[in-house]
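Input: a single structure, listed below in structure tokens.
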Amino acid sequence: MTKTYWKNADELVAAPAEIATASADATLGASVAPKPRGDEFGPEVARAIADLRARHGHANASCESEGNTPAELDRLRDDLRAAVPGLNRRGFMQISGAAAVFALAACGKKHPDTLVPWAQQPEGTTLGNAVYYSTTLRDSGQPVGVVVKTYDGRPIKIEGNIDHPLSRGRCDTQTQAALLNLYDPDRLQDGPHQREGESFKPISWDELDAAVGGALKAGNVGLLTGAIDGPAAKRLLLDLAAAFPKRFMHAAFSAFPRVGEAQARKLAFGDASLPVYRADLAEVMVSFGDFLGSGTTGLAEQIEFGDLRRLKTSSAGADRGDAKRGGCGQVIAFEPTMSQLGTVADVRVRVAAEQLAVAAWGVAGAVAKQLGIDLPASAAKALDAKLELKPIDGPHADAGQSSPLAFAASRLLAAKQAGKHSLVWAGGASQQGEDSVSLHLAVAFLNATLGNEGVTVVSSGDAGPIADTGAAAELLKACADGQVDVLIVAGANPAYAWPACVAALKKVKTLVVLADRIDETAALAGFVAPTLHGLESWGDAEARPGMYSLQQPCIPPLWDCRAAEESLMAFAVAAGAAAFAREKTPANPTWISVVARKPLWQAAAHGVASWQEMVRATWIDAVKKGSGSAADDRSFWNAALSRGVVLAASAGAKAQDGEADTKAKSPAKPFRYTGEMSLPAAPAGLRLVLSASRTMRDGANLNNPWLQEMPDPVSKITWDTYLAMSPMDAHDQGIRSNDVVTLTVAGAAGFAVPVHVQEGQHPGTLELFLGWGRDQDRAGKVADICPLHDGFRINGFALTAQRPLPLALEATIAKTGKTYELANVQGHDYMEGRPVALDEILSIRDREVEEAEQWKNGTDGKAGGDISMYGTHHAYPGHKWGMAVDMNTCIGCNACVVACHAENNVPVVGRDEVRKGRVMHWIRIDRYYSGTFDRDARGPIAVREKQAQALLDVEVVNQPVMCQQCENAPCEPVCPANATMHNNEGISLQVYNRCVGTRYCANNCPYKVRRFNWYQYSQYRAGPVDAGKPLTRIVTNLRTSGATSSQSELSHAPLEMMLNPEVTVRHRGVMEKCNFCIQRTRTIRDIEHGQNRRIKDGEVKTACAQTCPTKALVFGDLNDPDSEVVIMSKRTGTAYKLLDKELNTRPSVSYLKRVRNRPATADELGAAAEPAEGQAAGKSGEG
Amino acid sequence: MSTIGNDPATAAAPELTAAKITDDIIAPLFKFPPLAWWGAFLTAAGLTGALFLAFALHCVEGIGIFGINSPVGWGNYIVTYVFWIGIAVAGTLVSSILFLFRQRWRNAINRSTEAMTVFAISVAGLFPALHTGRPWVDYWLMPYPNDLELWPQFKSPIIWDVFAITGYATTSVIFFYLGLIPDLATIRDRAKNPIQKMVYGALAMGWKGTASDWRHYERAYAQFAWIATPLVLGMHSTIATLLAVGDVPGWHATIFPPYFVSGAIFGGLAMALVLLVPLRSAFKFEQYITIDHLERLAKIMLTCGLIVTYVYICEFFTAWYSESPYERGQFLWYRPFGAHAWAWMTMITCNVIIPQFLWIRSVRRNIAALVVIALAVNVGMWFERFVIGCLSLEADHLPANWGYYSFSSWDWFILAGSFGMFFTMFLGFIRVGPMISIAEIKSILLQPQRTHASHPSDSNRGVTEIHPDA
């Protein structure tokens, strides 16, 4: 924006070109006809100004230029002179007093800015209204259909695409956080680079293309990319292969390759293509690994898992307050570590990593025995292996089902006999090696035997994505053998995810890396070409066969970067490939990158085919044909751009919530492997399992502060990784959480790592997370904050040269005597007998519901009625917003947390502040383990050992907690400044600019959902560094930068562009909290007043409810009796309100109990049979 | 009262004359202060500087420089605030409650405890204003006319607190100044230095010591005592209510008002002992502030300590009897066994166990023992506020939110600075004001020694018979 004082209006008129340029930058190319500013002042206005000035003794020359005639001025002067001559003392005092006042008045800096509006409004844009784009982003290689909300050309929020059958309007953590990656100041900004000694020097795009093109002219060419599935991307690949005939080799690289799975399927079915697993079509799921956080599963699997978990209604519509309902899917998890799936499983069975295959074949044997089928001979020996599994408690121990293996088999068979399907799944970062093939064979056997193949396990054959099933290793081996002359790496970082391949990469003569920063691989390269972010570029994807989704830019490139695809095409053109060459045409108009203010590289100006055109052409050609669309090309393309997704007829079946199509998607295949298989040996000593980080996945997003501050779904630790250890091992070795140990793996140097004692971890199993420990300067400044801070740089990938990773590594640990405080957001992990996050057993819940009905919780005899002796105070004549939280489907993924970050401009506070308990998340997910435990338990060893034993088989509840919007909010009456108050839609408001910051509201909030701005967090990119040592920090900063806050800590451009303009950025010293996204509920006024109708249920949603992959959060109007939220909130005996009965806070949020679909234990049966004394007493007390 | 003539605390040594009393008491005002005083004063002033440095940084950087967090939104500032308020309460007890109960021995110590009140309330009154996130808008807590027609929210106990503190501080200052007027006139008449003469003269407001002056003075003094007594009890009850209104387990208890008042007197008298003992030895006031005075303070202290002990037991019983898992969790588990159990143990040791030695007469009359016990009680009472304020917040309803509060380095500046500020004012005052009320001490020391009970109205009238300028 140009800043001009109005007295310079004439200069503006004189320099129209300058305005045009400046406004063009600001408005992305909209041209503006400058308007002479002087015209705005008519003679009347000018005269009025002059009069005013004259009255104030300011009759000066400038009045003349604003329309006063000389005669008028003379008269003014005469008047003034007439007043002055007989100046007596009093007159002098008057005038000097006035002079002093006006002199002071002139001190203010009130220079009017010149606002230049759009002369021509861009198409489809209304100032102040958001524009939404449907596009596609990738989370660890998997496409996610999204809708991007933009304001004035700036993307500010990523949401799920409601039209995409795999997104259904929901979104996951990584994809939402991609927004922050777009504005990441650490991206490469200044064009391509060439290696010069140990560092890089910037070169021009033409120089880059010439150099790489020259190298490509001869020799073997390798291309290493991420997974490729889009039709246009596949076509580009074919064209490239054709451009370099017989010397082109492509492989997809993934940090978590699915090699073992592919090999097993090849052996079992003769088809190595990777299948899709559909939990939503299954009644029973048996999992050998973390289905939810494995790194190879993503949003689609989470959504479908939610469908499996959700309580089903016994008949349509019968759920309105109905007591008796149908069941829900059952999840049986076999796992060595406590995984995200383990926290939501109904039955969780601890098994050592090496014995997963034995367990799987054990289940297979039990199933086969029942069905009268023979196991493969080599697998039968698995049945001989002794597995010491904790028996399942309950009365059917008599029926011979106390063994978890027999139990799982019986559940799977029961589903089959009922004509339903089940799903057996194995996976995870370390379950893809040679030693896992037998496990995947067992899974394939079970799925084939149970008839799941083709329904819940859908193989797409060659139509599937080009994923990493081992080809990347072959390509890199070719590099190591010196067979590759030019290797182009695009969208992959093998040097980080497989450090052993660095030698191979160094052997390549010309290594070209297309990346958005100088990452570990790019650091080895001869040339680095900066790539665009997914929100800046074109592309496409075929998420599952027939589900085509389109990627379109939502913002012009911020920096001087180029789409990877266009780089590949430009290289090919420079190498003489005619296929991509186009006639050179001057770029018109000249697009300027938004932040870098540099002209963008445009294919047409360089004689290269446009990637955008290629995508369009492919879609109009292939996708249109595949979808069977009859529309003309232009309409088809516009519809595709608008919806973001096109479904082929084969995939077009409705996959909406609860309307699962259980028809077989691919032909069922018989299991036909009869050969030998090796079952891993039983473990001895400590074994280290490497898992994908549940927050960081493959580590590409390590520079993302939202994800750094997002708590791990299981441990609730932020900003660091750790070594997870079994309570038994910790007890044996005298190690506690936060102790630093030296971890030594055979064949690798030991390194220091802090320990987290993880409930539920199998004894003898250590777990380390992959995706952390990026090299210095490679991921970015935020990622560098972590390891440098205390000397930890924990890259699990570097522990072994094997790829894929083995099931487990032999490891030893030694105490160092040091401790390191892991930043954990949760204060205490056990409910200590408090009725906080409740659960119930499915098989006996009906009885409990009947009891609950007898104990109406209100004095007025109606369930949910008024228990207050004072009655209600508030009337809610229009809407009353509320939420229902289904703890049964919550998988603890934190998608809601990230959605809230983006929607509400929630700042990141950094590790030190998290340690202090100052995390700002407006919504959090509390995770409770069953039982009670004092971490620092002292006492006899036997007692502690018993406690450690008890912690091995804990059950877990996830409880999302946001502001409960209490009707009797404890926070409201205690505010002395009236800064928090209740509105007539049931929302407890926080008025930021009225807040003094006494913090009584936060103290008095029993849910502790109020968040305080202890520092000016919005100013910092990742919180104040060393906030825990203010003295040191401030003194250092004062010395180095002259300010108390170091410049290096402060937020960098262009991060401000990400802020949601609908939401205030909060100041230091004020309280803030969830307000049910009031900016969203306010928008309904436009709908209701403009269209004269009441909004429909689901038309407005909070960011968290909108994004929740498993629909655990449901938002709506409590005044609408038919809304989903009311129906859920009224589920007798299942819905309850947190702390309401204790404190009479009357929250607007209802919680639905976690339902455990497992046999009731003898204790639970006994408790249910006789209406528990305590329960009855408690309930009468409540009434 | 009828035994006043036999009261050793009001018995004068035979050599005391009115002139000697005046000379003794105002001697320090006309001497250049000794090095020890300078050392103490400058140390205290330096700590005051540290307090304001910390506060300045709080304004520049954010209140995050302190250790408070979520869930413990109130920490050092509020704990120390309640601590100093408690100290102030004890001063008012001596100056007005004991006055109304005709406890005339309090004449020997009321000046120093009143000074203690005024300075403690100055420190305390500052802290709630400092502890906000945006101290520069604290005036929003006052009802002032503004164009938004916004009032503070009168439902908020913080607003009650604002009124209680400002009302109490105003009354205390006026009461203190009123009591000083006859003595200021005395100093004015003794002063040789013209500047001193002028300043004390102005402050004495033309006091002539006439019967009319005395009549008005006496009446005003008694009326202020009547105002101050309910005010101080109400004020500290309001502070207690500030917490009791909250729903935090550990705060939400109806016993809080008497609990806080007795605790305040308990800790305040301990502070008075800590101040009086060095004062009387430094200024050679042993004849005026005798061991009997100290013993009486110790007795009141013991009484209040027992009330506090009773409340501790009561809280535990209530928590157990309530069967509320939240109350039980706080009292039966977190306080004695949780992460801050050491703070709770310190509180119990200092407030419950150590004061029991005051049952022994020889301990009560042993100055060293009294100082040790008083110091312990001061520590214990600070920790009592810490336990109530912070431990309750550390482990409230939802276990997932439990947290831990610890000091940052700047918190130490605030805590030490509060003592610095108090002692800067107190040490400054002992050089410019008479630390014993000259007029009032004469009223009890210079009466004819009585061996039999006399009419209380006689002794009351006694003050008018002694000319303060004698």
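Top to bottom, those sequences are chains A and B.
Offset between the first sequence (1-based) and this note's numbering: plus 205.
Offset between the second sequence (1-based) and this note's numbering: plus 82.
Glycine included, each C-beta is placed from N, C-alpha and C at the ideal position.
Practice problem: Kindly give me the distance between the Cβ atoms of A:A571 and A:A611, rounded to whole angstroms, as I take these residues to be in contact under 8 Å. | Solution: About 5 Å; that satisfies the 8 Å criterion.
Exercise. Using a Cβ cut-off of 7 Å (strictly closer), state whether B:Q412 contacts chain A.
Key: Among the CB atoms of chain A, none fall inside 7 Å of the CB of B:Q412.
Practice problem: Put A:M901 into one of helix, strand or coil per three-state DSSP. | Solution: Secondary structure of A:M901 (DSSP, three-state): coil.
Quiz item: Shorter than 7 Å from the beta carbon of B:S152 to some beta carbon of chain A?
Solution: Residue contact with chain A for B:S152: present (Cβ-Cβ distance below 7 Å to some residue of chain A).
Exercise. Can you grab the Cα-Cα spacing for the pair B:A127 / B:T199, in whole Å?
Key: Computed Cα separation, rounded: 19 Å.
Quiz prompt | chain B contact for A:G1032 (CB, 7 Å cutoff) | solution = Yes, contact with chain B.
Quiz prompt | DSSP three-state assignment for A:L716, whether helix, strand or coil | solution = Of the three classes helix, strand and coil, the one that applies to A:L716 here is strand, per DSSP.
Quiz item: Thinking C-beta only, is A:L445 closer than 7 Å to A:F776?
Solution: At the C-beta level, A:F776 and A:L445 stay beyond 7 Å of one another.
Exercise. Pick out whichever of A:Q637, A:E1108, A:H1084 and A:A779 has its Cα sitting closest to the Cα of A:A448.
Key: Minimum Cα distance to A:A448 is reached at A:A779.
Exercise. Report yes if the CB atom of A:P1314 is closer than 7 Å to the CB atom of A:R375, and no otherwise.
Key: Between A:P1314 and A:R375, the CB-CB gap stays under 7 Å.
Quiz item: Who are the Cβ neighbours of A:G857 in its own chain at under 6 Å, not counting the five residues just before and after it?
Solution: Summary for A:G857: the model assigns pLDDT 49, below 50, so the residue's position carries little reliability; its value from the coordinates is reported in the next sentence. Hits under 6 Å: none found.
Practice problem: Let me know the secondary structure DSSP gives A:P159 once reduced to three states. | Solution: Past the boundaries of the shown model lies residue 159 of chain A; chain A is included only from 206 to 1388, so the question cannot be answered.
Practice problem: Leaving out five residues on either side along the sequence, give the residues of the same chain with a beta carbon under 6 Å from the beta carbon of A:S772. | Solution: Take A:S772, set aside five residues on each side of it, and the residues of its chain with a beta-carbon closer than 6 Å to its own are L719 and A734, in chain order.
Quiz item: List, in order along the chain, the chain A residues whose C-beta lies closer than 8 Å to that of B:E409?
Solution: Neighbours of B:E409 on chain A: none; closest Cβ ~10 Å, over 8 Å.
Practice problem: Give me the Cα-Cα distance between B:F181 and B:E300, rounded to the nearest whole angstrom. | Solution: About 12 Å.
Quiz item: Looking at A:L385 and A:N1218, is the spacing between their C-beta atoms short of 7 Å?
Solution: It is not a contact, given that the beta carbons lie outside the stated cut-off.
Quiz item: Would A:D1302 count as contacting chain B if we go by Cβ distances under 7 Å?
Solution: Not a single C-beta of chain B is nearer than 7 Å to the C-beta of A:D1302.
Exercise. Would you check if the distance between the CB atom of A:I367 and the CB atom of A:Q381 is smaller than 7 Å?
Key: No, they are not a contact pair.
Quiz item: Taking buried to mean at least 16 other C-beta atoms within 10 Å of its own C-beta, is A:C673 buried or exposed?
Solution: The residue asked about is misnamed: residue 673 of chain A is Asp in this sequence, not Cys. Label assigned to A:D673: buried.
Quiz item: Just checking, does the region 827-837 of chain A make contact with the region 796-804 of chain A on the three C-beta pairs under 8 Å criterion?
Solution: Result no; under three Cβ-Cβ pairs closer than 8 Å.
Quiz item: Taking Cβ positions only, does A:T1024 come closer than 7 Å to chain B?
Solution: Interface criterion not met: the Cβ of A:T1024 is under 7 Å from no Cβ in chain B.
Exercise. Answer yes or no: do A:L1323 and A:G1087 have a C-beta to C-beta separation smaller than 7 Å?
Key: Taking C-beta atoms as the reference points, A:L1323 and A:G1087 count as a pair closer than 7 Å.
Quiz item: Are the region 450-463 of chain B and the region 348-365 of chain B in contact at 8 Å, needing three or more beta carbon pairs?
Solution: Contact between the region 450-463 of chain B and the region 348-365 of chain B is present, because at least three Cβ pairs lie under 8 Å.
Practice problem: Report the residues of the region 212-226 of chain B with a CB closer than 7 Å to any CB of chain A, ordered along the chain. | Solution: If you check each beta-carbon in the region 212-226 of chain B against every beta-carbon of chain A, the ones closer than 7 Å belong to T214, G215, R216, V219, D220, W222 and L223.
Self-check item: Straight-line Cα distance separating A:R1273 from A:P1229
Solution: Between A:P1229 and A:R1273, the C-alpha separation is close to 13 Å.
Practice problem: Quick one: using the 10 Å Cβ neighbour count with 16 as the cut-off for buried, is B:F342 buried or exposed? | Solution: Only buried fits B:F342, as 16 or more other CB atoms lie within 10 angstroms of its CB.
Practice problem: Since I believe B:F495 is in contact with B:F201 (beta carbons under 8 Å), could you give me their beta-carbon distance rounded to a whole number of angstroms? | Solution: So it is not a contact: roughly 19 Å between Cβ atoms.
Quiz item: Quick one: is B:D493 near chain A, going by C-beta distance under 7 Å?
Solution: Residue-level contact check: B:D493 does not touch chain A, since none of the beta carbons of chain A fall below 7 Å from its beta carbon.
Exercise. State the Cα-Cα distance for the pair A:R767 and A:G739, rounded to the nearest angstrom.
Key: Each residue's Cα considered, the two are about 11 Å apart.
Quiz item: Looking at C-beta atoms only, is the number of pairs between the region 748-757 of chain A and the region 659-676 of chain A that lie closer than 8 Å three or more?
Solution: Touching, yes.
Quiz item: Using a Cβ-Cβ distance under 7 Å, would A:N1265 count as near chain B?
Solution: At a cut-off of 7 Å between C-beta atoms, A:N1265 does not count as an interface residue with respect to chain B.
Self-check item: Three CB pairs or more closer than 8 Å across the region 1185-1200 of chain A and the region 1279-1286 of chain A
Solution: Counting Cβ pairs under 8 Å, three or more are found: they touch.
Quiz item: According to DSSP, what are the bridge partners of A:A538?
Solution: A:S492 and A:R553, per the DSSP bridge assignment.
Quiz item: Is B:T162 closer than 7 Å to B:L475 when the C-beta atoms are compared?
Solution: Taking 7 Å as the Cβ cut-off, B:L475 and B:T162 do not qualify as a contacting pair.
Quiz item: Can A:D598 be considered in contact with the ligand SAM, in the sense that its beta carbon sits closer than 6 Å to one or more heavy atoms?
Solution: For the structure depicted, the ligand SAM is absent and the ligand set is empty, with no information on it obtainable.
Self-check item: Beta-carbon separation (whole angstroms), B:P516 vs B:I269, contact threshold 8 Å
Solution: Yes, B:P516 and B:I269 are in contact; Cβ-Cβ is about 7 Å, under 8 Å.
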